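Below is one structure; the comments refer to it alone.
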Amino acid sequence: MQPTQGAPNLTENSPFNFACHDALPCFTQCCKDVNIYLTPYDTLRLRQALRIGSSEFLGKYTRSFLSKVGNIPVVQLLMDPQTLCCPFVAEEGCRVYENRPWACRMFPLDLSSTNAQFRLIAGKERCKGLSERSRGTVRDWLQCQGVLEYAEMDTEFQSVVPQGFKPGAPMNEGLGRVLFIAYDLDRFAELLKDGRFLIFHEVDDEMVSLVRKDMKELLRLAFRYIRAQMDELYQIV
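In the numbering used here, the protein residues as written are 9 to 245.
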């Protein structure tokens with residue numbers, strides 16, 4: 009979705025009146041014919057909710073590619089080809105609501121190009137929830153939607169790029185493919201079965217035990233591995 013034309017930038021302290029519920033005539037319409045780009049943490053939460061592996065989730069529900077500008081990995085949620093609806097939406101609402109992606113939690117807001125600011129990506133004509141009497145601030149909305157945890161994990165993901173890499177600059181295709189490991193955690197978990205890999209990357213028994221119990225920590229370990237790989241490859245290319 010594109011920012012609403014002419015909409016002012018908002019800060020966390022800006023007043024924000026919005027509520028979404030099934031009595032609204034537009035209920036679930038925002039889940040139709042929309043581009044939803046997933047973060048690694050989005051992917052983890054969704055595949056856990058569906059109780060399937062990462063490779064199966066990526067193959068069944070997404071399309072993955074390297075962007076033409078920058079060779080950055082992109083994982084896009086596929087819409088139903090017949091209805092153009094999100095595959096996880098039903099008449100009564102979202103079937104994976106507790107594990108919905110970051111973009112869905114943010115709606116009808118999105119990050120502005122200006123740091124620490126936000127913009128509306130829907131107007132009152134389309135989104136009737138903006139006419140509801142619920143009062144609060146942007147910060148209130150982000151907190152109640154659980155956005156912070158998702159934002160923190162994405163910040164960790166963004167930190168894996170090599171030092172000296174400028175945002176928006178073209179990335180070597182090989183480097184871009186390394187980043188995909190963060191999305192396919194099953195593939196990364198297979199590496200942890202190799203004792204030589206554990207020794208070389210200084211992964212001790214305590215860490216192995218932890219990531220077997222906590223997929224979020226497995227993702228963090230994958231970030232650490234990717235960062236090391238990116239630093240090494242960046243020196244070569």
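Glycine included, every Cβ here is placed at the ideal spot set by N, Cα and C. Every value quoted in this text rests on a predicted model; they were computed, and no experiment measured them.
{"Item": "Separation of residue 142 from residue 186, as counted between CA atoms", "Value": "44 Å"}
{"Item": "Beta-bridge partners of residue 76, as assigned by DSSP", "Value": "In the DSSP output, where bridge partners are listed per residue, residue 76 has none listed."}
{"Item": "Option nearest residue 25 by Cα separation, candidates 37, 128, 83 and 36", "Value": "128"}
{"Item": "Rounded distance between the beta-carbons of residue 32 and residue 85, thought under 8 Å", "Value": "The pair is not a contact, with the Cβ atoms about 23 Å apart (cut-off 8 Å)."}
{"Item": "Runs of alpha helix (DSSP H) wholly within the region 44 to 117 (minimum 4 residues, chain order)", "Value": "48 to 58, 62 to 69 and 110 to 114"}
{"Item": "Per-residue DSSP class, three states only, for residue 228", "Value": "helix"}
{"Item": "Exposure label - residue 205; buried when at least 16 CB within 10 Å", "Value": "exposed"}
{"Item": "Residue 116 classed as buried or exposed, judged by whether at least 16 other C-beta atoms fall within 10 angstroms", "Value": "buried"}
{"Item": "6 Å Cβ shell around residue 13 - same chain, five flanking residues per side excluded", "Value": "Bear in mind that a pLDDT of 47 at residue 13, under 50, signals an unreliable position, so the number given afterwards is only what the model happens to contain. Nothing meets the Cβ criterion."}
{"Item": "C-alpha distance - residue 184 paired with residue 121, whole-angstrom precision", "Value": "23 Å"}
{"Item": "8 Å CB neighbourhood of residue 107 in its chain, flanking five on each side removed", "Value": "53, 54, 56 and 57"}
{"Item": "Endpoints, beta strand (DSSP E) assigned at residue 127", "Value": "126 to 128"}
{"Item": "Integer-rounded CB distance, given that residue 136 should sit under 8 Å from residue 34", "Value": "5 Å"}
{"Item": "Residue 36, DSSP secondary structure in three states", "Value": "coil"}
{"Item": "Neighbour-count burial assignment, residue 71, 16 or more Cβ in a 10 Å radius", "Value": "exposed"}
{"Item": "Residue 114 versus residue 17: straight-line alpha-carbon distance, rounded", "Value": "15 Å"}
{"Item": "7 Å Cβ cutoff met for residue 248 and residue 196", "Value": "The first residue shown for the chain is 9 and the last is 245, placing residue 248 beyond what the model contains."}
{"Item": "Residue 111 to residue 101 span [Cα, whole Å]", "Value": "16 Å"}
{"Item": "Distance between beta carbons of residue 62 and residue 193, contact taken as under 8 Å", "Value": "5 Å"}
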